[in-house]
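One structure below.
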Amino acid sequence: MGKGLLDIESLGRQDIEVILERAKFFQPPPGEPYKRHQLLQGKTIVNLFFEASTRTRTSFEIAGRRLGAEILSITASGSSVSKGESLVDTLNTLGAMRPDAIVMRHSASGAPHFLSRYLPIPIVNAGDGTHEHPTQALLDALTILDRRRNLQGLRVAIIGDIAHSRVARSNIFLLSKFGAQIVLCGPASLLPREIGKIAPGVELTTDMEDAIRGVDVIMMLRVQLERQHEASFPANEYFRFFGLRSEHMERAKPDVIVMHPGPMNRGQEISSEVADSQSSAILNQVGNGIAVRMAVLERVLTS
Ligand code: NCD
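Taking our numbering as reference, the numbering of the sequence shown is continuous, increasing by one, and the terminal residue is 1479.
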């Protein structure tokens, strides 16, 4: 069935390298706008978002337009899904209009994998439940590679709500394929032991100071309350134990890269001082999202 981009887990190192190389080609020089291309002229992409999104949805839209494709966005609240239509029926309806690709975000882990078995149209996963968010991991890798020669041997701390984070899972798959050392940190209730199975060798700690010692990259995560059905930690203690603040920074490498996929909650998982510091690459991540999604859309629609 349709060849798309469903996850990082099933990609080989070479596939990832090819996407990142192409993304570098699309990256504009600093301060310049993205160039327009006509590589996807005549193609139609449907952006189907069943969950809230600002940056990912806009980023796919801009990426598609920069390549000359037509792209239309549908959000669940304004669609027939809110009238009780099943996911398969919604997708079949859209599929009957013959778009060239569907970009989708859904709260159910595995939804795009399931649909890609039935639809002949390529599906790009823009985040499925707590499972994967492949374009986020690709843009994170591109952002690290803007500041480091390669990923091999880098020490990367991923901190926060690991249990509910598709961003963490996609990054763990990608970084471990390239030989980075990964340390995961968060409240014990949000740090599932089984995560070690997806990448043997990852370290787990509930101590933020341990996690940050000597790291090249710090990836902060939002506490995803919308996926938590009971309180996992005392909310008013979170910032004290797991919020990234200036005093932590001296434990990391002097040129540490601070990242966050957004949306970030200042004063909860990160202080404004760190989020707006020289070390922060948070807006670079957003910018790189377009280059990566251009590379992904081109690959999915032309190969
Ligand atoms: C993330 C997501 O939706 O998984 N955001 C994003 O796509 N940039 C992370 C989050 O919602 O916390």
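For every residue, glycine included, the Cβ atom is placed at its ideal position computed from N, Cα and C.
Here Leu1321 is actually not in contact with Gly1465; their C-beta atoms are around 14 Å apart, not less than 8 Å. The set of residues with any CB-heavy atom separation to the ligand NCD below 6 Å comprises, in chain order, Arg1231, Thr1232, Gly1303, His1309, Gln1312, Arg1342, Val1343, Arg1398, Gln1400, Pro1437 and Gly1438. Taking Ser1341 as the centre and dropping the five residues before and after it, the same chain places the C-beta of Leu1397 closer than 6 Å to its C-beta, in chain order.
Burial state of His1405 is exposed, judged by a 10 Å Cβ sphere holding fewer than 16 other Cβ atoms. In chain order, Asp1337, His1340 and Ser1341 place their CB closer than 7 Å to the CB of Gln1400, counting only its own chain and leaving out the 5 sequence neighbours on each side. Between the stretch 1287-1302 and the stretch 1324-1331 there are fewer than three inter-stretch CB-CB distances shorter than 8 Å, so the stretches are not counted as touching.
For Phe1354, the three-state secondary structure derived from DSSP is coil. Contact between Val1378 and Val1432 is ruled out by a C-beta separation of about 19 Å, above the 8 Å threshold. The beta carbons of Arg1242 and Met1470 sit closer together than 8 Å. The C-beta distance from Ala1364 to Phe1202 rounds to 41 Å, too long to meet the 8 Å contact threshold. Selection Cys1361, Asn1347 and Glu1402 evaluated against Met1384 yields Cys1361 as nearest (Cα-Cα). Positions of the alpha helix (DSSP H) runs, each at least 4 residues long and wholly inside the stretch 1416-1466, are given as 1422-1425 and 1448-1451 in order along the chain. Take the alpha-carbon of Met1425 and the one of Gly1463: they are about 24 Å apart.
Taking a cut-off of 8 Å for Cβ pairs, the stretch 1247-1258 and the stretch 1220-1237 touch, as three or more such pairs fall below it. In this structure, the beta-carbon distance from Leu1196 to Leu1270 does not fall below 8 Å. Looking at Asp1183, Ile1358 and Phe1418, the one whose alpha-carbon comes closest to that of Gly1286 is Asp1183. For a cut-off of 8 Å, the C-beta gap from Ala1277 to Pro1298 is around 5 Å, short enough to register as a contact.
Judged by DSSP secondary structure, Val1194 falls within the alpha helix (DSSP H) whose first and last residues are Arg1189 to Phe1202. In its chain, beyond the 5 residues on either side, Ile1335, Gly1336, Cys1361, Gly1362, Pro1363, Met1384 and Glu1445 have a beta carbon closer than 8 Å to the beta carbon of Phe1418.
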